[in-house]
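Everything below concerns the one structure shown next.
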Amino acid sequence: MRLRFAPSPTGYLHVGGARTALFNWLLARAGGGDLVLRIEDTDRDRSRPEHVDAILGGLSWLGIDFDEGPVFQADGLARHRRDALRLLDAGRAYRDFTTRQDFARARDAAVAAGTGTVARLSREMAAQVPRDESDRRAEAGEPFALRFLVPPGTTRWRDLVHGRLSFENGEIDDFVILRGDGTPTYNLAVVSDDAHASITHVVRGDDHISNTPKQILLYEALGRPVPAFGHLPMILGPDGKRLSKRHGARAVDAFEAQGVLPDAMVNFLALLGWSPGTGEETLSRADLVERFSLERVLKKGAVFDPDKLFWMNGQYIARMDGDRLAAALRAALARDGVGSDRVALGEDAFWRMAAALAPRSRTFAEMARLARPYIGPLGGYDRKATRKIWYRDRVGTAELLAAARDRLDGTKWEAEALESSLRALAAERPDVG
9 MRLRFAPSPT
19 GYLHVGGART
29 ALFNWLLARA
39 GGGDLVLRIE
49 DTDRDRSRPE
59 HVDAILGGLS
69 WLGIDFDEGP
79 VFQADGLARH
89 RRDALRLLDA
99 GRAYRDFTTR
109 QDFARARDAA
119 VAAGTGTVAR
129 LSREMAAQVP
139 RDESDRRAEA
149 GEPFALRFLV
159 PPGTTRWRDL
169 VHGRLSFENG
179 EIDDFVILRG
189 DGTPTYNLAV
199 VSDDAHASIT
209 HVVRGDDHIS
219 NTPKQILLYE
229 ALGRPVPAFG
239 HLPMILGPDG
249 KRLSKRHGAR
259 AVDAFEAQGV
269 LPDAMVNFLA
279 LLGWSPGTGE
289 ETLSRADLVE
299 RFSLERVLKK
309 GAVFDPDKLF
319 WMNGQYIARM
329 DGDRLAAALR
339 AALARDGVGS
349 DRVALGEDAF
359 WRMAAALAPR
369 SRTFAEMARL
379 ARPYIGPLGG
389 YDRKATRKIW
399 YRDRVGTAEL
409 LAAARDRLDG
419 TKWEAEALES
429 SLRALAAERP
439 DVG
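Spelled out as structure tokens, the structure:
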């Protein structure tokens, strides 16, 4: 079994890409296969080195490792062109010298004539150019695109998630495989790369289903084995619409910055469209590797609920041992600009503070905010008001603080709830209110 994860460095690693990487990683680790990381950087205008770094950093943070790579798609351009020319020589592709203006005029004429379709218009126009003339024009330097000649028939495959799927080839236009500038299009580059890397399983988002029949046709035309395909359900926002920027944070590094633990993120991503079938919600990596299979991946979209992620992260925080908890809190404070030199607590006191805040914190960013009043000198306060509240004798003060502690123990750790609880205590104790 050989799988691959192939992100484009046109943006950061978002949750959809991270889930795809995770599912491929789980399959590879469970099946004893190899996982290849390929950076699809052929979009020269949009690919950025900083996005490559962000993708690699996000995968490393999640603990998703690879057996090969990263390899870069741009390094295979010569091979992509060779494969395209092989198809041309075999009569499975043809040159299209039509300009956009010529095509637009021909399309308008076809529509006006009532033909009802222009799906094969490119082929009809190219057929008017004999092969020897096509060769001569190409040798003279006239620009052209190379189109794949879609054969008649039906393209079928058994999808690893959706079951049997099929497309009528007559509904697939003769698609471009090599642009006028000599660069390959997505479908040709992907097939060339996957065939070259001997990929046996392609697991990706279901937005690629429409590409699959084109790619199967290319594999067959090139005489290469067709891999198994599995298409994962779309990730939706809480409103049931496709997850997008309007739903807030989508990049993995944004959740890392909020203090989400990588194990919690992996656990959450695994349950986006997959279920172990036991009702369990917190699963270790070892559990996931042992139980994961594409047979239990849902066909319908999976809802990305940030509140569920933060709840799950809170479960992981609550189970951390004291040393790891304290270290993670110190790191969160450092990200907020509060270095160790500004923490006016001894190690033991800091450890106990972290343990006390853990049950009330869903993320380490939240814990860092809650910790701030305890780690340094108090800000300004009204001394006269303070003298009215505190008893002059230590015993009375201790009793009052104990009553406040007991009152707050079962209170939701939010400003409004805390204030309401303390005001209720003050009303019961007019001697100090």
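Counted from 1, the sequence shown has number 418 at position 410 by this note's numbering; the numbering is strictly sequential. Beta carbons are placed, not taken as given, at the ideal position from N, Cα and C, and that holds for glycine.
Whole-angstrom C-beta distance between residue j and residue i, which should lie under 8 angstroms
i	j	result
L67	L21	7 angstroms
A294	L333	Actually they are not in contact, since the Cβ atoms of A294 and L333 sit about 22 angstroms apart, beyond 8 angstroms.
A82	T50	6 angstroms
L186	R54	No, L186 and R54 are not in contact; Cβ-Cβ is about 20 angstroms, not under 8 angstroms.
Y102	A148	At roughly 17 angstroms, the Cβ-Cβ gap does not stay under 8 angstroms, so Y102 and A148 are not in contact.
A205	Y227	Not a contact, Cβ separation roughly 13 angstroms.
P270	L70	5 angstroms
A336	F372	5 angstroms
G188	F152	6 angstroms
I63	P17	6 angstroms
R370	F318	4 angstroms
P241	K308	6 angstroms
R184	R155	Residue 184 is actually Val in this sequence, not Arg. With 8 angstroms as the limit, V184 and R155 qualify as a contact, their Cβ atoms being about 6 angstroms apart.
L34	F300	4 angstroms
W165	I224	6 angstroms
Reduced DSSP secondary structure (H/G/I, E/B, other) of residue i
i	result
T405	helix
F13	strand
L251	coil
A259	strand
Y102	strand
V305	strand
D53	coil
I72	coil
D42	strand
Q266	coil
E288	coil
R232	coil
L346	According to the sequence provided, residue 346 is Val. The question's Leu does not apply to it. Here V346 sits in coil by DSSP.
D417	helix
D110	helix
L21	coil
R370	coil
Q223	helix
V60	helix
D116	helix
Residue i - partner residues in DSSP beta bridges
i	result
A26	Bridge partners of A26: none, in fact.
I47	F80
I383	Note: I383 sits in no beta bridge, so no partner.
L244	R250, V311
W282	V305
Residue range of the beta strand (DSSP E) that includes residue i
i	result
G322	Looking at the DSSP string, G322 is not in any beta strand (DSSP E); the run it does join, the alpha helix (DSSP H), is 314–326.
G330	Segment 330–343 is the alpha helix (DSSP H) holding G330; no beta strand (DSSP E) there.
A236	236–240
Endpoints, the alpha helix (DSSP H) within which residue i is located
i	result
A294	293–299
D271	270–278
W359	355–365
S447	Nothing can be reported for residue 447: it is not among the residues displayed for the chain, which extend from 9 to 441.
E141	139–147
D97	85–97
Residue-chain proximity (residue i, chain D), Cβ-Cβ < 8 angstroms
i	result
L251	Protein chain content of the structure displayed is limited to a single chain, and chain D is not contained in it.
Exercise for review: List in chain order: all unbroken beta strand (DSSP E) runs of 3+ residues lying wholly within the segment 149–220.
Suggested key: If we require 3 residues or more, the beta strand (DSSP E) runs fully inside the segment 149–220 come out as 153–156, 162–167, 171–176, 184–186, 209–213.
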